[in-house]
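Asker:
Numbering (the numbering used here), first residue to last: 454 to 560.
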């Protein structure tokens, strides 16, 4: 089976996961837990925040075009093997797994 990679392009945050500071967003906690579960299942996960890894935004033309056209309005953007699966919010674990399972079936 080929490598499966989830990449997340996020707006500027206080830390690389956004799970920090006095007002932690429950959605970010759930998403962080989902990514940890995927990593345990062998999925490669990469999180890119604008202020921690801006170069990643420049390396993906789809992401770069979105940021150039709409600023940070579409962030976060989540991709699975470079296919955009969610824009403007974090996907649930079920959606991520559905995309991953579809890729596995296509092999």
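The beta-carbon is built from N, C-alpha and C at its ideal position, and this holds for glycine as well.
Is the CB-CB distance between residue 543 and residue 480 below 8 Å?
Answerer: Yes, the Cβ-Cβ distance between residue 543 and residue 480 is below 8 Å.
Asker: Might you give, ordered along the chain, the residues of its own chain that have their beta carbon closer than 6 Å to the beta carbon of residue 509, omitting 5 neighbours on each side?
Answerer: Around residue 509: 501.
Asker: Give me the DSSP bridge partner(s) of residue 460.
Answerer: Paired residue(s): 499, 532.
Asker: Which class does residue 552 belong to by DSSP, given the choice of helix, strand or coil?
Answerer: Looking at residue 552 - three-state DSSP - the assignment turns out to be helix.
Asker: Report the option in 553, 552, 504, 533 whose CA atom is closest to the CA atom of residue 461.
Answerer: Closest by alpha carbon: 533.
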